[in-house]
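Participant: Here the sequence shown stands for residues 255 to 572, numbered as in my numbering.
Each residue gets a CB set at the ideal place from its N, CA and C atoms; glycine is no exception.
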Amino acid sequence: MFPSSSHRVTYSPAYTIVPTYECFNRCTYCNFRREPGKSPWMSLAGAERILRQLQNQNICEILILSGEVHPHSSRREAWFQRIYDLCALALTMGFLPHTNVGPLSFAEMEKLKRVNVSMGLMLEQLTPTLLNTVHRYAPSKLPQVRMQQLKWAGELQIPFTTGLLLGIGESLDDCWETLTAISNVHLRYGHIQEVILQPHSPGNQQSFDAPPFDPYQLPEVIAQARQILPADITIQIPPNLVQDAGWLLACLAAGARDLGGIGPKDEVNPDYPHIQEQALRDILQSGGWELVPRLPLYPQFDEWLGDELTASVRMWRQ
Ligand code: SF4
């Protein structure tokens with residue numbers, strides 16, 4: 255029997271372009287960053303070579319994921335321009351860009367909206383206690399800075415993805431507080447398309463010495479998130495971080511309905527390769543779920559796009 259739409263789970267066929275791994279923050283759980291100046295920036299020619307190989311492979315989303323150059327650095331403008339140019343390039347080559355490069359100024363966000371169908375920033379956790387621990391040397395992780403980003407995205411009508419990082423020293427009450435804040439900003443602007451619940455999964459590079467977030471606790475968090483978040487926000491979980499098939503199905507039963515961007519490499523969790531698409535499809539099917547591709551923009555937001563982006567999206571919606 256063909257699963258009904260209520261038994262559909264989405265994912266975005268995606269490829270991640272990293273403009274640079276350098277980052278001025280030092281989150282202790284990070285498995286991505288390199289020291290400022292120690293990670294050559296992705297050239298446009300290099301990106302074009304990669305993108306050309308991806309054409310006609312049914313990859314729709316180009317996730318532009320970058321480490322951060324300090325807002326007051328003399329290199330900030332060039333960093334931002336490179337990100338903008340990479341998005342514009344991906345767009346002209348027929349892909350749909352989604353950018354997640356840390357906190358932006360209002361003007362930067364407004365500019366990037368022109369070349370992105372959606373954007374993202376993890377809220378992670380709002381509790382200020384993490385500023386004394388995992389975020390002690392991460393000025394970008396000030397909760398009020400990240401909350402401001404969600405508000406600006408709403409004001410600018412940018413379809414937005416955010417989420418929580420679980421297991422970095424927060425309590426369950428902290429999670430509910432963070433989810434409530436996301437819910438409130440969405441009730442005001444209506445722009446949050448999905449919330450990622452990302453379990454901390456230790457990698458080789460990090461200095462944060464803590465066990466992984468208990469994957470068996472994830473269904474409980476998802477069920478509570480489903481209660482807190484408005485129904486039009488989709489809950490996303492990264493399947494490569496929930497490696498037990500039974501618990502992946504339990505996460506879906508609890509209310510998760512999206513598996514995020516799936517591509518050759520999870521740049522944020524490089525020690526956890528993605529499950530092959532067919533294997534994932536088989537796991538889901540065993541639980542009565544159908545895996546279906548989606549665009550990085552949910553249909554209810556199509557009308558927020560400018561003319562050029564609308565034309566690009568229309569090509570994919572046909
Ligand atoms: S988690 Fe993000 S902000 Fe923190 S150090 Fe890594 S790249 Fe930078």
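#1: Find out if the Cβ-Cβ distance for the pair Gln490, Ala510 is shorter than 8 Å.
#2: According to DSSP, simplified to helix, strand and coil, what is Glu544?
#3: Between Val388 and the rest of its own chain, which residues show a CB-CB distance below 7 Å, the 5 nearest in sequence each way excluded?
#4: Tell me the DSSP secondary structure of Ile487 in three-state form.
#5: With burial defined as no fewer than 16 other Cβ atoms inside 10 Å of the residue's Cβ, what is the status of Arg442: buried or exposed?
#6: Helix, strand or coil: which one does DSSP assign to Ser372?
#7: Compute every distance between the C-beta of Asn279 and the non-hydrogen atoms of ligand 1, then say whether any falls below 7 Å.
#8: Would you mind stating whether Pro413 and Trp558 have Cβ atoms separated by less than 8 Å?
#9: Identify which residue in Met373, Arg368, Phe349 and Leu343 has its Cα closest to the Cα of Pro357.
#10: Quickly, what does DSSP pair Glu378 with across the bridge? List them, please.
#11: Please report the straight-line C-alpha distance between Pro493 and Ser359, rounded to a whole angstrom.
#12: Can you say whether Leu298 is buried or exposed, counting buried as having 16 or more other CB atoms within 10 angstroms of its CB?
#13: So what does DSSP say about Tyr265, is it helix, strand or coil?
#14: Under 8 Å, do Ala268 and Ile313 count as touching if we go by C-beta distance?
#15: What would DSSP say about Ile516, mapped onto helix, strand or coil?
#16: Can the beta-carbon of Ile482 be found less than 8 Å from the beta-carbon of Leu451?
#17: Taking 7 Å as the cut-off, is the C-beta of Arg287 nearer than that to any heavy atom in ligand 1?
#18: Let's see if you can read the secondary structure: which residues bound the alpha helix (DSSP H) around Glu362?
#19: Taking the alpha carbon of Gln402 as the reference point, which residue from Leu426, Arg390, Val371 and Asn438 has its own alpha carbon closest?
#20: Could you check the C-alpha separation between Arg548 and His324 for me, to the nearest Å?
Facilitator: Put simply:
#1: To locate residue 490, count along the sequence shown from 1; it is residue 236. To locate residue 510, count along the sequence shown from 1; it is residue 256. In contact: Gln490 and Ala510 (Cβ atoms closer than 8 Å).
#2: Here residue 544 is taken as the residue at index 290 of the sequence shown, counted from 1. Of the three classes helix, strand and coil, the one that applies to Glu544 here is strand, per DSSP.
#3: The sequence position of residue 388 within the sequence shown is 134, counting from 1. Beyond the five residues adjoining it in sequence on each side, Val388 comes within less than 7 Å, by CB distance, of Cys281, Thr282, Tyr283, Ile422, Gly423 and Phe462 in the same chain, given in chain order.
#4: As a working note, residue 487 is residue 233 in the sequence shown. It is coil, neither helix nor strand.
#5: As a first step, residue 442 is located in the sequence shown; it is residue number 188 there, counting from the start. Counting Cβ neighbours within 10 Å, Arg442 comes out exposed, since fewer than 16 surround it.
#6: As a position in the sequence shown, residue 372 is number 118, starting the count at 1. DSSP places Ser372 in strand when its eight states are reduced to three.
#7: Here the question's residue 279 lines up with position 25 in the sequence shown. Yes - ligand 1 has a heavy atom lying nearer than 7 Å to the Cβ of Asn279.
#8: Within the sequence shown, numbered from 1, the residue matching residue 413 stands at position 159. Within the sequence shown, numbered from 1, the residue matching residue 558 stands at position 304. Taking C-beta atoms as the reference points, Pro413 and Trp558 count as a pair closer than 8 Å.
#9: To locate residue 357, count along the sequence shown from 1; it is residue 103. The shortest Cα separation from Pro357 among Met373, Arg368, Phe349 and Leu343 belongs to Met373.
#10: Residue mapping note: residue 378 aligns to position 124 of the sequence shown, counting from 1. Looking at the DSSP assignment, Glu378 forms a beta bridge with Leu418.
#11: Reading the sequence shown from its first residue, position 239 is the one you call residue 493. Reading the sequence shown from its first residue, position 105 is the one you call residue 359. Rounded to whole angstroms, Pro493 and Ser359 show a C-alpha spacing of 32 Å.
#12: As a first step, residue 298 must be located in the sequence shown, where it is residue number 44. By the 10 Å Cβ count, Leu298 comes out exposed.
#13: If you number the sequence shown from 1, residue 265 lands on position 11. It is a strand residue.
#14: Translated into the one-based positions of the sequence shown, residue 268 becomes position 14. Translated into the one-based positions of the sequence shown, residue 313 becomes position 59. Between Ala268 and Ile313, the C-beta spacing is below 8 Å.
#15: Here residue 516 corresponds to residue number 262 of the sequence shown, with the count starting at 1. Correct three-state label for Ile516: strand.
#16: Within the sequence shown, the letter at position 228 stands for residue 482. Within the sequence shown, the letter at position 197 stands for residue 451. No, the pair does not count as a contact, with Cβ atoms beyond the cut-off.
#17: Here residue 287 is taken as the residue at index 33 of the sequence shown, counted from 1. For ligand 1, at least one heavy atom lies less than 7 Å from the Cβ of Arg287.
#18: Looking up residue 362 in the sequence shown gives position 108. Unbroken alpha helix (DSSP H) run through Glu362: Phe360 to Lys367.
#19: As a first step, residue 402 must be located in the sequence shown, where it is residue number 148. That would be Asn438, whose Cα lies nearest to the Cα of Gln402.
#20: As a position in the sequence shown, residue 548 is number 294, starting the count at 1. As a position in the sequence shown, residue 324 is number 70, starting the count at 1. Those two C-alpha atoms are separated by around 34 Å.
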